[in-house]
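Notes follow once the structure below has been shown.
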Amino acid sequence: MIGRRGAIATGIAMAAGVAHAQAIWPDRPIRLIVGYPAGGPSDVFARLVAAQIGPRLGQNVVVENRPGGGAVLASETAARAPADGLTWMHVDNGILVYNPALYARLPYDPDRDFTGVGFIGRFPLYIVCRADAPWADVPALVAASRTRAPTYGTPAVASPHHLAMELVKRRSGLAAEHVPYRGGQAAMQDLLAGNVDLVMIDTATGLPFIRDGRVRALAVLTEARTAEALSVPTLREAGIDAVAFGWQGISLPRGARAEIVAQLNTEVVRAMVSDEVQARTRALGIQTTGWSASEFDAFVAAENALWRPLIRDLGIRLDS
Numbered sequence: 002m003i004g005r006r007g008a009i010a011t012g013i014a015m016a017a018g019v020a021h022a023q024a025i026w027p028d029r030p031i032r033l034i035v036g037y038p039a040g041g042p043s044d045v046f047a048r049l050v051a052a053q054i055g056p057r058l059g060q061n062v063v064v065e066n067r068p069g070g071g072a073v074l075a076s077e078t079a080a081r082a083p084a085d086g087l088t089w090m091h092v093d094n095g096i097l098v099y100n101p102a103l104y105a106r107l108p109y110d111p112d113r114d115f116t117g118v119g120f121i122g123r124f125p126l127y128i129v130c131r132a133d134a135p136w137a138d139v140p141a142l143v144a145a146s147r148t149r150a151p152t153y154g155t156p157a158v159a160s161p162h163h164l165a166m167e168l169v170k171r172r173s174g175l176a177a178e179h180v181p182y183r184g185g186q187a188a189m190q191d192l193l194a195g196n197v198d199l200v201m202i203d204t205a206t207g208l209p210f211i212r213d214g215r216v217r218a219l220a221v222l223t224e225a226r227t228a229e230a231l232s233v234p235t236l237r238e239a240g241i242d243a244v245a246f247g248w249q250g251i252s253l254p255r256g257a258r259a260e261i262v263a264q265l266n267t268e269v270v271r272a273m274v275s276d277e278v279q280a281r282t283r284a285l286g287i288q289t290t291g292w293s294a295s296e297f298d299a300f301v302a303a304e305n306a307l308w309r310p311l312i313r314d315l316g317i318r319l320d321s
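Okay, so the sequence shown: first residue is 2 according to the working numbering, each after it adds one.
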């Protein structure tokens, strides 16, 4: 039989073992799940961040691409993983905000199954037309749309670009017909070919076209003008209160220890200000922040309040 002193000693040893196991986290490779194909913007930034964080944690961060179905499969995989801090989820507008309004049933609940860790960045959105289009600015476009509604292209149905333009339509009186494409490059090429009148495009895809004058940017949907295109006015300057972005971040399955969340937030913030990542974000016009995990969660809550009611009002569904 173990005496009282032996039991106490055993308890102390077990507690010390647990503390040691926690202290050496992570003790094996980490996987970062991405719900989109390799080579796309989400995959590129996930790999940039992973390459920065892995060496500092002393473990490989393996990017695992699970594309398809609005990233639902990837999200479910991450949500069901152990909350040990060894499975991370690359998240964006669709995964955390749009999907509960786009699908009648989801195998994961972003509000309950994930906790925010770190913010990767915001991708400003621009309304662009051909350089020879007749509209000098958004007010002229809105006025002309009352006679003939232009067509507008986006990378996909229910993309941030699509929903942003629908928000603009509601708040400005613009009449415009949506033409979805398979990616932003396809939409931009059709714009140049004259097959669509406008495109709502993100900075990563659209900025090269704006810089070389192949298209005219009528407005940017940021709070203030962007450093990359200072001549382009915001919608607010035209009296239209519509601010929207594409954005990316990193989340964990809910239940991860607070100290793991705090440590990973520190590492994500450090990765985003590294010279390598900043060179990429500045070139593409992506806006980074030093948000804490709680600030990221508060941002997502504000996004939910704006976009989920709009999606439901528009009747957009991806499972019908």
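Quick reminder that beta carbons are idealized off the backbone N, C-alpha and C, glycines included.
Buried or exposed for residue i, please, with buried defined as at least 16 other CB atoms from any protein chain shown within 10 angstroms of its CB.
i: E268; result: buried
i: G174; result: exposed
i: E224; result: exposed
i: V274; result: exposed
i: G71; result: buried
i: D276; result: exposed
i: D320; result: exposed
i: G95; result: buried
i: A16; result: Reliability of the predicted coordinates at A16 is poor, the pLDDT of 44 falling under 50, and the value obtained from them is presented with this limitation in mind. The residue in question, A16, is exposed, as its Cβ has fewer than 16 Cβ neighbours within 10 Å.
i: R217; result: buried
i: L231; result: exposed
i: I312; result: buried
i: D114; result: buried
i: I211; result: buried
i: A272; result: buried
i: R183; result: exposed
i: D314; result: exposed
i: P38; result: exposed
With a CB to CB cut of under 7 Å and the five nearest residues on each side skipped, what residues in its chain are close to residue i?
i: A51; result: L33, V62, V64
i: T206; result: G185, Q186, M189
i: V143; result: S173, G174, L175
i: F46; result: I121, Q249
i: G291; result: V270
My guess is that residue i and residue j are in contact by the Cβ rule of under 8 Å, so how many angstroms apart are they, rounded?
i: R172; j: A243; result: 5 Å
i: V98; j: V301; result: 7 Å
i: G154; j: V118; result: Not confirmed; about 34 Å, so no contact.
i: T204; j: I287; result: 6 Å
i: V129; j: L219; result: 7 Å
For residue i, collect the residues of the same chain with a Cβ closer than 8 Å to its Cβ; drop the 5 residues on either side in sequence, then sort them by chain order.
i: R67; result: I34, V35, G36, L74, A75, T78
i: G214; result: A132
i: G55; result: I31, N61, V62
Once the 5 residues before and after residue i are set aside, which same chain residues still bring their CB inside 6 Å of it?
i: E304; result: V98
i: V92; result: G250, S252
i: A294; result: G117, V118, V262, N266
i: M166; result: Y153, M201
i: I241; result: R172, S173
i: A228; result: none
i: I317; result: A159
i: P151; result: A177, D198, L199
i: P111; result: L97
For the alpha helix (DSSP H) that contains residue i, what are its first and last residues?
i: A80; result: 73-80
i: N61; result: Where N61 is concerned, there is no enclosing alpha helix (DSSP H), given that its DSSP letter is neither H nor E.
i: I312; result: 294-315
i: V262; result: 259-273
The beta strand (DSSP E) with residue i in it runs from where to where?
i: T282; result: It is not in any beta strand (DSSP E) - T282 instead sits in the alpha helix (DSSP H) that spans 276-285.
i: I121; result: 115-131
i: E178; result: 178-181
i: G247; result: 246-254
i: G154; result: 152-155
Assess, as a yes-or-no matter, whether the stretch 248-261 is touched by the stretch 78-96 under the definition of 3 or more beta carbon pairs within less than 8 Å.
-> yes
Cβ contact (3+ pairs, closer than 8 Å) linking the stretch 259-266 and the stretch 276-288: Under the three-pair Cβ rule at 8 Å, the stretch 259-266 does not count as touching the stretch 276-288.
Determine contact between the stretch 194-209 and the stretch 104-111, defined as no fewer than three beta-carbon pairs at a distance below 8 Å.
-> no
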